[in-house]
C-alpha cells in the first residue's frame, strides 16, 4: 500500500472517530439528548459493528481498529440518548420535582 493511501486512510479514521465528539460533548454538558435521533444512532452503531465484523473476518486490521473506535464513540452517543432522552433525570425543576 502506498504512503498516500495510508495517509488518506488514517485521516478518514481520525475524522470518523472524532466526528462524534461534538455531539457527545453537547449532550454531556446539556444533559439533554431529546434532539438526537435514536434511529439514526442505532443504525450508525449497527453499521460500525458490521464493519468491525468485516474487518475481523477479512484480517483488515486498519478497518477493524478505526471502526472499533468509531463504534465506541457512536455507542457513547446512543447510551447518552437513552440516559438523557428527556433531559437529566437527576435534575429537578424549580418546583422540586423531576422534569
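Residue numbers (my numbering): 175 to 273.
The beta carbon of each residue, even a glycine, is placed where N, CA and C say it ideally should be.
Looking from the CA of residue 244, the closest CA among 225, 259, 179, 204 belongs to 225. Under the DSSP definition of a beta bridge, residue 205 lacks any partner. Per the C-alpha coordinates, the member of 234, 219, 248 positioned closest to residue 175 is 234. Residue 195 is not a Cβ neighbour of residue 254, given a cutoff of 9 Å. Rounded to whole angstroms, the gap between the alpha carbons of residue 197 and residue 204 is 11 Å. CA-to-CA, the gap between residue 217 and residue 232 works out to about 22 Å. A straight line joining the alpha-carbon of residue 210 with that of residue 227 spans about 26 Å.
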